[in-house]
């Protein structure tokens with residue numbers, strides 16, 4: 057009885073710790089995507105198209121902050137391709153016995169996510185919508 061109990065207790069503790077680390081991983085992945093998209097979207101609605109990338113670079117680390125559990129440094133990069141801007145965020149979940157608990161490949165518990173947003177000028181969009189509305193209402197009357 058004692059021998060079996062020692063195995064059961066050991067595996068139970070192991071499973072609880074694994075579940076805790078999987079929860080950290082899931083939480084960090086969701087929050088990282090949320091932060092990447094938030095800073096990407098805020099940058100994409102700047103009045104000047106040339107200010108999109110500098111705005112994102114300036115505000116990225118402030119958006120990421122210190123809200124992540126059990127990770128090292130959170131890094132991010134910004135890329136602009138035509139009318140689309142994208143922010144990539146990366147971090148590594150700290151696992152005590154890292155070599156034993158790799159998840160998919162050699163990277164292990166590394167989290168990487170990318171968020172994209174279309175660059176637009178809200179002022180121009182509102183003015184064009186009002187102009188189209190005025191033209192349509194002039195034709196109807």
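Residue numbers (this note's numbering): 57 to 197.
Virtual Cβ for every residue (Gly too), placed ideally from N, Cα, C.
Which two residues bound the contiguous beta strand (DSSP E) that contains residue 64? The count along the chain shown starts at 1 and reaches residue 64 at position 8. In the DSSP assignment, residue 64 falls outside any beta strand (DSSP E) and lies within the alpha helix (DSSP H) extending over 58-100.
Just verifying my parser: in three-state terms, what is the DSSP assignment at residue 175?
Within the chain shown, the letter at position 119 stands for residue 175. In the structure shown, residue 175 sits in coil (DSSP, three-state: anything other than H, G, I, E or B).
message = Less than 9 Å between the C-beta atoms of residue 143 and residue 84, yes or no?
response = Numbered from its first residue, the chain shown carries residue 143 at position 87. Numbered from its first residue, the chain shown carries residue 84 at position 28. In this structure, residue 143 keeps its C-beta atom at 9 Å or more from the C-beta atom of residue 84.
| field | Of the listed residues 70, 113, 191, nearest to residue 132 (C-alpha basis) | value | Numbered from 1 along the chain shown, position 76 holds the residue referred to as residue 132. Out of 70, 113, 191, 113 has the C-alpha closest to the C-alpha of residue 132.
- From 177, 92, 150, 183, pick the residue whose C-alpha is nearest to that of residue 73; which is it? Translated into the one-based positions of the chain shown, residue 73 becomes position 17. The option with the nearest alpha carbon to residue 73 is 150.
Worksheet item: Between the C-alpha atoms of residue 146 and residue 167, what's the straight-line distance to the nearest angstrom?
Response: The sequence position of residue 146 within the chain shown is 90, counting from 1. The sequence position of residue 167 within the chain shown is 111, counting from 1. Linking residue 146 to residue 167 through their CA atoms gives a straight-line distance of about 6 Å.
Would you list the residues sitting across from residue 135 in a DSSP beta bridge? Within the chain shown, the letter at position 79 stands for residue 135. Within the DSSP secondary-structure output, residue 135 pairs in a beta bridge with 142.
To the nearest angstrom, report how far apart residue 64 and residue 70 are at their CA atoms. The count along the chain shown starts at 1 and reaches residue 64 at position 8. The count along the chain shown starts at 1 and reaches residue 70 at position 14. Within the model, the alpha-carbon separation for residue 64 versus residue 70 is close to 10 Å.
* Asked: So, helix, strand or coil for residue 149, using DSSP?
  -> On the chain shown, residue 149 is found 93 positions in, with the first residue counted as 1. For residue 149, the three-state secondary structure derived from DSSP is strand.
With distances taken between CB atoms, is the gap from residue 100 to residue 108 smaller than 9 Å? Position 44 of the chain shown, counted from the first residue, corresponds to residue 100. Position 52 of the chain shown, counted from the first residue, corresponds to residue 108. Their beta carbons are under 9 Å apart, which means residue 100 touches residue 108 by this criterion.
request  = Give me the Cβ distance between residue 134 and residue 120, rounded to the nearest whole Å; I'm assuming they're in contact under 8 Å.
outcome  = Taking the chain shown and counting its residues from 1, the one referred to as residue 134 is at position 78. Taking the chain shown and counting its residues from 1, the one referred to as residue 120 is at position 64. Rounded, the Cβ-Cβ distance is 13 Å, inconsistent with contact.
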